[in-house]
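Contents: one structure, followed by commentary.
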Amino acid sequence: MKQVTSQHDVQPEKVGSITIGRALPNAAAEFVGPIMMLDHIPRRVIAPGEIPEPDGSFAHPHRGIATFSYVLEGGLVHADSTGGYGTISAGGVQWMKAGNGIVHDEMLPADLRKNGGTTHCFQFWINLPAKNKAEPAAYMPAPTEDLPVAALPSGQASLKALLGTYEGNSSPIPTYANEFIWHVRIEPMGSARVDLPRGLHAAGFLPGQGAIVGGTGVAAQRLFFLDEDGTEVEIANASADPLDVLLFGGEPILEPVASRGPFVMNTEAELNDAFREFREGKYGQITYPPEVA
Numbered sequence: 000m001k002q003v004t005s006q007h008d009v010q011p012e013k014v015g016s017i018t019i020g021r022a023l024p025n026a027a028a029e030f031v032g033p034i035m036m037l038d039h040i041p042r043r044v045i046a047p048g049e050i051p052e053p054d055g056s057f058a059h060p061h062r063g064i065a066t067f068s069y070v071l072e073g074g075l076v077h078a079d080s081t082g083g084y085g086t087i088s089a090g091g092v093q094w095m096k097a098g099n100g101i102v103h104d105e106m107l108p109a110d111l112r113k114n115g116g117t118t119h120c121f122q123f124w125i126n127l128p129a130k131n132k133a134e135p136a137a138y139m140p141a142p143t144e145d146l147p148v149a150a151l152p153s154g155q156a157s158l159k160a161l162l163g164t165y166e167g168n169s170s171p172i173p174t175y176a177n178e179f180i181w182h183v184r185i186e187p188m189g190s191a192r193v194d195l196p197r198g199l200h201a202a203g204f205l206p207g208q209g210a211i212v213g214g215t216g217v218a219a220q221r222l223f224f225l226d227e228d229g230t231e232v233e234i235a236n237a238s239a240d241p242l243d244v245l246l247f248g249g250e251p252i253l254e255p256v257a258s259r260g261p262f263v264m265n266t267e268a269e270l271n272d273a274f275r276e277f278r279e280g281k282y283g284q285i286t287y288p289p290e291v292a
């Protein structure tokens, strides 16, 4: 049975006008397998007209990674310089392979901005192997109905495969280093045992409330690391409310890493090339569809 080796509070960061919690990287680790960043955009009620109309000022480049967003409540709109465009709603995910360079923008949907509502989501950055850093950029959304959900043996919990495979149930999103991101939901006063692939690095995050993980209490808003022994973890919910847990990890990519800002490459020379090509306009520009406004 896997045990918790350490746990860590999120660090507040500003992304545009929104304060988020950065769970990874932290003082203990820069990566969990190929996953190098986890930002939690906590649950927030938005008043009508509170969020300004998008003007393109949040658009930014990436290279050498994949970004992965999961919407728990509300919605998220994506537009990029390859023509990729999509809107995901509660329960859906979107994946973008930055590959050899892209500019993208993420916005709240027009109806949420105009009429108000609730938002709650997560974003991961996933390092790519060198050969995939050289590939063209790509975008893929997946609505909640395309993501498999497995009932866990206790009968008190379920697991939604956002990325990767669980017991033969696979997300449609591509993977490169056996990476996985799973959303486990445990009923009040329930528990669950989750099988984890042997040999892969694994961690978890509790966005809403604390839990007992492998016999150790972990507080809400904390990331926890799991040891490499065993092939399953037990999670117990001592609360009268349902518990949400994100489990994630994968296989380490044993290649050099050179990163600066939104670019993650293998060498400093490649980083310099990435910045130069962006300044030269080689990543293109976003053409926003009319429905974004």
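Sequential numbering of the sequence shown, starting at 0, is according to numbering that gives the first Met the number 0.
All residues carry an ideal CB built from backbone N, CA and C; glycine is no exception.
Tell me residue i's beta-bridge partners as DSSP assigns them.
i, result
"Y84", "A78"
"I17", "V14"
"L299", "This structure cannot settle anything about residue 299, because the visible part of the chain is limited to 0 through 292."
"I45", "G116"
"A239", "None; A239 has no bridge partner."
"N168", "Y165"
"V31", "I34"
"S68", "Q93 and Q122"
"V9", "Answer is none; V9 lacks a bridge partner."
Would you check if the distance between the CB atom of residue i and the CB atom of residue j is smaller than 7 Å?
i, j, result
"Y69", "N131", "no"
"L222", "F247", "no"
"P261", "H77", "no"
"A136", "K96", "yes"
"G74", "P108", "yes"
"S153", "A191", "yes"
"T93", "I87", "According to the sequence displayed, residue 93 carries Gln and not Thr. Closer than 7 Å, so yes."
"N25", "H39", "no"
"A257", "P187", "no"
"H182", "L162", "no"
"N168", "G249", "no"
"A308", "G115", "The requested residue 308 does not occur in the structure, where the chain is confined to residues 0 to 292."
"P11", "T18", "yes"
"P33", "I125", "yes"
"A218", "G209", "yes"
"P255", "N265", "yes"
"S80", "Q220", "no"
"K1", "G229", "yes"
"V14", "A22", "no"
"Y138", "G83", "yes"
"N236", "L242", "yes"
Put residue i into one of helix, strand or coil per three-state DSSP.
i, result
"V291", "helix"
"F121", "strand"
"F274", "helix"
"K113", "helix"
"A129", "helix"
"E186", "coil"
"A268", "helix"
"T4", "strand"
"G249", "strand"
"E254", "coil"
"D104", "strand"
"I180", "strand"
"D54", "coil"
"P261", "coil"
"P196", "coil"
"P60", "strand"
Contact check, residue i vs residue j under 8 Å by CB: the rounded distance?
i, j, result
"A65", "L127", "6 Å"
"G90", "P140", "Actually they do not touch by this definition, with Cβ atoms about 12 Å apart."
"D194", "E166", "7 Å"
"F179", "Q122", "Wrong, their Cβ atoms sit about 16 Å apart, outside the cutoff."
> In chain order, which continuous runs of the beta strand (DSSP E) of length 3 or greater are located wholly inside the region 131-164?
Replying inline: 137-141, 148-150 and 156-162
>> Just to confirm the assignment: which complete alpha helix (DSSP H) runs, minimum length 4, are found wholly within the region 198-237?
In response: none
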